[in-house]
Amino acid sequence: MAEVFTLTLTSVDGGARVASGNGAVATIVVRGNDDSIAFGGASVLVREDAGVAAVVVTRGGDRDDTATVQWRTVEGSAGDGSDFRGGVGEVVFGPGDIAKTILIPIIDDTEPEFLESFQVQLLSVAGDAVISATDMITVTIMASDDATGVFGEHNASPQPSIALMWAGLQ
Numbered sequence: 231m232a233e234v235f236t237l238t239l240t241s242v243d244g245g246a247r248v249a250s251g252n253g254a255v256a257t258i259v260v261r262g263n264d265d266s267i268a269f270g271g272a273s274v275l276v277r278e279d280a281g282v283a284a285v286v287v288t289r290g291g292d293r294d295d296t297a298t299v300q301w302r303t304v305e306g307s308a309g310d311g312s313d314f315r316g317g318v319g320e321v322v323f324g325p326g327d328i329a330k331t332i333l334i335p336i337i338d339d340t341e342p343e344f345l346e347s348f349q350v351q352l353l354s355v356a357g358d359a360v361i362s363a364t365d366m367i368t369v370t371i372m373a374s375d376d377a378t379g380v381f382g383e384h385n386a387s388p389q390p391s392i393a394l395m396w397a398g399l400q
């Protein structure tokens, strides 16, 4: 939606003078520029063995022009090169585009670990759009291996079970 306001010159310095009539009045029309670019959710949860994390970026507003947004990954407890393959890139929204997806490779290792996370940040925008106030999203990687180890029975034959009961004294 366009925004319209009027600018009126009332006084000047340095020997200049204000023109009479409508020469001192200008109407300013700001078209668009309120198309908001944001992440499609509050966070992303992905399994370590999923291969990629899909981070959705959305565009609101009229979406009548092309807009480009730059992004980058930011290490957290998950390391770039050991848990994910980070980097920088750009998302291009053509006229009418509502959503785009950034695919970030996730590295499936055999090291037992707990939840790890990193962030994706929107940096700058070109075109008829602005970045929303929330310019970062957290991607949490759920381990596909057990951080506490796995204990198992190597003997396939059934074992008797023993039930213990507590006998309270009164």
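For the sequence shown, the working numbering puts the final residue at 400, and the numbers step up evenly by one.
Heads up, the beta-carbon is just placed ideally off N, CA and C, and yes, glycines get one too.
Could you compute how far the alpha carbon of residue i sits from the alpha carbon of residue j?
| i | j | result |
| --- | --- | --- |
| A329 | R293 | 11 Å |
| V355 | A256 | 29 Å |
| G290 | G324 | 12 Å |
| E320 | I267 | 12 Å |
| D327 | A254 | 41 Å |
| T364 | F269 | 8 Å |
| I367 | V287 | 10 Å |
| D310 | E343 | 16 Å |
| L239 | A249 | 9 Å |
| V242 | D265 | 37 Å |
Keeping to the same chain, check which residues put their C-beta closer than 8 Å to that of residue i; ignore five residues upstream and five downstream.
| i | result |
| --- | --- |
| I258 | V234, F235, T236 and L237 |
| M372 | L275, V276, R277, E278 and L345 |
| G244 | none |
Which whole-angstrom value describes the C-beta separation of residue i and residue j, a residue pair presumed to lie in contact below a C-beta threshold of 8 Å?
| i | j | result |
| --- | --- | --- |
| V276 | V369 | 7 Å |
| A280 | I336 | 6 Å |
| V285 | T331 | 7 Å |
| E278 | S374 | 4 Å |
| I334 | A272 | At roughly 17 Å, the Cβ-Cβ gap does not stay under 8 Å, so I334 and A272 are not in contact. |
| V322 | T298 | 5 Å |
Using a Cβ-Cβ cutoff of less than 6 Å, which residues in the same chain neighbour residue i once the five nearest sequence positions on both sides are dropped?
| i | result |
| --- | --- |
| E305 | F348 |
| L399 | Residue placement at L399 is poorly supported in this model, since its pLDDT is 48, which falls under 50; the coordinates still yield a value, given next. Once the five neighbours on either side are set aside, L399 has no close Cβ partner at all. |
Grab me the residues of residue i's own chain with a C-beta within less than 7 Å of its C-beta, minus the 5 sequence neighbours each way, in chain order.
| i | result |
| --- | --- |
| D295 | G262, P325, G357 and D358 |
| L353 | Q300, W301 and R302 |
| R247 | none |
| A308 | F314, E346, S347, F348 and I371 |
Over what stretch of residues does the beta strand (DSSP E) that includes residue i continue unbroken?
| i | result |
| --- | --- |
| E401 | Missing from the structure shown is residue 401; the chain here goes from 231 to 400 and no further. |
| L345 | Element bounds for L345: n/a, residue is neither H nor E. |
| A319 | Here residue 319 is Gly; the residue named in the question, Ala, does not match the sequence. G319 -> beta strand (DSSP E) spans V318 to F323. |
| V234 | E233 to T238 |
| F269 | S266 to F269 |
Taking one C-beta from the stretch 310-327 and one from the stretch 341-351 each time, how about it: are there three or more such pairs within less than 8 Å?
-> Contact between the stretch 310-327 and the stretch 341-351 is present, because at least three Cβ pairs lie under 8 Å.
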